[in-house]
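So the structure is just underneath, and the comments pick up after that.
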Amino acid sequence: MTLLNCWEMKNCGRESGGAKTPESGECIASIQGLGHSCWAIAGTLCGDIVQGTIAQKEGNCLLCDVYKMYNRLHGSRGKEIAKKFPQEEAAYNALVLNRLRKN
Ligand code: SF4
């Protein structure tokens, strides 16, 4: 089964070439190719609202299907991301490491 990106799962239209992108801009998750890791980056646009910092959006993300499917520890398909999307996995690991260093 295909590993859909967050924008495909949520049908947000905020990806590159998406329906809403011309009027209100492309989401950082799409810009940075983090469609299976969007909880790890600040400033995403879920629900057409700027989601703020990781800490601010964490509550929403933990309840989101994307997180439930792709989080690397307990996600139903999280373990497949590294093999299918090695570049995204490298970017994701760098974000997580950077956050750990800041804490
Ligand atoms: S993080 Fe949210 S707004 Fe951004 S592309 Fe993914 S689903 Fe769409």
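Throughout the sequence shown, residue numbering follows the working numbering, covering 13 to 115 in sequence.
Don't be surprised by glycine CBs; every beta carbon is placed ideally from N, CA and C.
_I'd like to confirm something about residue 57: is its beta-carbon nearer than 8 Å to some heavy atom of the ligand SF4, or not?_
Because some heavy atom of the ligand SF4 lies under 8 Å away, the Cβ of residue 57 counts as near it: yes.
*Less than 8 Å between the CB of residue 66 and some heavy atom of the ligand SF4, yes or no?*
no
*asked:* Just to confirm my understanding: we take residue 97, look at its own chain, exclude 5 residues before and 5 after, and list those with CB closer than 7 Å. What are they?
replied: In the same chain as residue 97, and ignoring 5 residues on each side of it, the C-beta atoms closer than 7 Å to its own belong to 48, in chain order.
*Cβ of residue 22 versus every heavy atom of the ligand SF4: is any distance shorter than 8 Å?*
yes
*For residue 41, which residues of its own chain have a beta-carbon under 7 Å away from its beta-carbon, when the five flanking residues on both sides are left out?*
Same-chain partners within the cutoff: 18, 47, 50, 53 and 56.
*If you count every other CB in all the chains shown that lies within 10 Å of the CB of residue 83, and 16 or more means buried, which is it?*
buried
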